[in-house]
Amino acid sequence: MLIYRKEIDGLRAIAVLPVILYHAGYVNIVPGGYVGVDIFFVISGYLITSLIDTEIRQGTFSLIRFYERRCRRILPALYVISLVTCYFAYQRMSPGQLKDFGYSLISIITFSSNVFFWWKDDRYFSQLNELNPVVHTWSLAVEEQFYLVFPLLCLLFARWRRNLLIFLGFVGSFSFFLAQWGGNIQIISKMTFYMFFQHPWASFYMPIGRIWELLLGAFVAFYSRANDSIVSGKSIGMRAQVASVIGLSLVIISIMTLDSRSIPPFPNCYTMVPTFGATLIIIYGKHDTLVGRLLSLEPVRWIGLISYSAYLWHQPLLVCLRLGPISLMTISHMKSVIVIIVLLSAITYYSIEQPFRNRALFSRRVVFGCSAAGAFVIYSVAVFLIYTANSRTTFIEKVTYNRSVIIDSIMRNGSLTLKEVDTYLADIEPMELSNYVTRRFDTHLKAYPTFSAQSAKTKRRLLLIGDSFAQDFMNMIAETNSLQKYEIRCYYIRFQCQIYMGDEDRLQWIASFHRSLCINDHKIQSAIPMIREADVIILAGFWLRWSAIRLPRTIE
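Residues 18 to 573 in our numbering are what the sequence shown spells out, letter by letter.
Here is the structure:
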């Protein structure tokens, strides 16, 4: 049996709270709040390895019992919260969002949401993901993929422990290298074969860039087993006190300083700071140390106990509010949100998590049966959402729910009455939503490829260059009628290709699997004549790091 360590639950609390604050938009308070997930990876690797190693040594390990425990621990709360999220998504999401959410649900029950978000090229730190209620499930998928393979390796190498450590060390080192490849090094190769490694979001979402963190926790478990006196508390001394304080300091420093906007793509070398801090706390932060006593405080430990439910609840709740009447949350809103998350998490922990872990209440057969039934229900709901996303009823319910927000934004111009707004909402065709984004931009791109000769005398010439951000900007101009004195022309540049007009070859900074899109895309060069004729030039796009730092050169 494993010795229960209160301080581990306290460390969970330290990990989950910054994640919640970060996703709530308080990046200035906890710029590195996202590293809480990395701390969770280390904790998971440590606990799972300790459990497996103990049972293998005792000759009691069973794969069926192991996966039963995983089902009891992970699935009940995940399924319930996913279904609750479905209801609010159906009420508040647009057809495109709803269909995407349906596919996300399927990836959740197959524990492949990390693959799904990577395949969609979703940037975890983008503003778009602030409206994705399940983007946070990528980390659960990474852990489950680890759980599928790691126990088998432990069984396979049960008699050759040294060989297991060597193999895991090699895998962990290779994973860490790949994380740096996508994060710090950002090697670019002309060989398409390497596309998987070059994409920084592959390192972020996929096990190839994350497994080293879980294995770091695994090695902590093996080290603790070999040095039992350290973890058991038999050798309390200055070394343990100092090491645990250093560990907690590293974790806090990471949370307060690792701003994703100013460091290379994550994970990178900086990931070592919070993960190494977590390992020091796990190894040396025993209950008799200052850090151990701090993390074992009942309020801190209690937050750690409900941390899984809190992690599951926080993103759907925040998205629900953003899609509803609260798009920008004040400090007052934030306090209310924190209270609601804690209350829902406590209810979920005591009414769902705890009962399903009790074998006296739910047998193995019932747990597996409920898991299969829950997966089937969620799959059915997902299919329903995907195939009914474009139904008129779904969208009208959504826009009706947000009616007050839409009315407030339109009525500021004083151009529409409430009755006219209702008519406007009722006439929206869901199938035309995607066309709405691009229609005006494309019109000024294709129908008017150059400025008219007469415009110079009557209007100022405005050239809008960019990607979908430029398309949105064009719609804003049209809807507000704010630039009637301008003759507008547009040029579209894919965000993968970026807006860059320097002398250097931009392909060297573009991932190989995007080069085929950009190699013949010389629209920015072909726009030079219009650039010279334009009185005003607006560059609107999703700026990547390499193009953003070269923006002055482009402007020149």
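Positions of the beta carbon are idealized from the N, C-alpha and C atoms, including for glycine.
Status (buried if at least 16 other CB within 10 Å, exposed otherwise) for residue i
i	result
W135	buried
Q371	exposed
E504	buried
H331	buried
Y104	exposed
T475	exposed
A41	buried
S271	buried
Q488	buried
Q515	buried
S61	buried
A470	exposed
F163	buried
P569	exposed
R523	buried
V553	exposed
W155	buried
F191	exposed
T497	exposed
F58	buried
P316	exposed
A565	exposed
Expected contact under 8 Å - CB spacing of residue i and residue j to nearest Å
i	j	result
H153	Y328	7 Å
G113	R318	Actually they do not touch by this definition, with Cβ atoms about 43 Å apart.
L275	P35	About 10 Å separates the two Cβ atoms, so there is no contact after all.
T292	E230	5 Å
L232	L185	6 Å
S313	K23	4 Å
Within 8 Å, strictly: CB atoms of residue i and residue j
i	j	result
F574	I555	Because the chain in this structure spans residues 18 to 573, residue 574 falls outside the shown range and cannot be described.
I261	G302	First, the residue type needs correcting, since residue 261 is Ser and not Ile in the sequence shown. A contact, by the Cβ cut-off of 8 Å.
R381	E161	no
L181	C171	yes
Y222	N131	yes
R478	E573	no
V384	R89	yes
Q294	L265	Position check: residue 294 holds Gly in this sequence, whereas Gln was assumed. It is a contact, given that the beta carbons lie within the stated cut-off.
I91	F167	no
V268	I56	yes
R511	D484	yes
S368	I323	no
Y508	I545	no
V398	L100	yes
P224	V159	yes
Euclidean distance between Cα positions of residue i and residue j
i	j	result
T571	N492	25 Å
R179	L360	46 Å
R129	L68	Contrary to the premise, residue 129 reads as Ser rather than Arg in this sequence. If I take the Cα positions, the gap works out to 25 Å.
F559	E147	16 Å
I183	Y240	14 Å
L338	I548	42 Å
I299	R242	12 Å
I98	L335	13 Å
C535	M518	14 Å
F486	F133	24 Å
Y366	A389	21 Å
A238	G189	15 Å
I20	S353	36 Å
V33	V54	8 Å
I357	G309	29 Å
H350	L38	12 Å
I494	F458	10 Å
G321	W563	39 Å
N149	L115	10 Å
A392	I126	6 Å
T71	S220	31 Å
R376	R87	13 Å
T102	P333	6 Å
G386	Y51	35 Å
P284	K502	48 Å
I228	N45	29 Å
F373	A94	9 Å
Y43	Q258	32 Å
R567	I527	14 Å
L340	I364	24 Å
S206	S277	Note that S206 scores 40 on pLDDT, short of 50, meaning its location in the model is unreliable; the coordinates nonetheless yield the value given after this. C-alpha separation (whole angstroms): 25 Å.
I25	E521	51 Å
L561	S111	28 Å
Three or more C-beta pairs under 8 Å: does that hold for the segment 396 to 404 against the segment 115 to 123? yes
Would you be able to state if there are at least three C-beta pairs under 8 Å between the segment 302 to 312 and the segment 69 to 88? no
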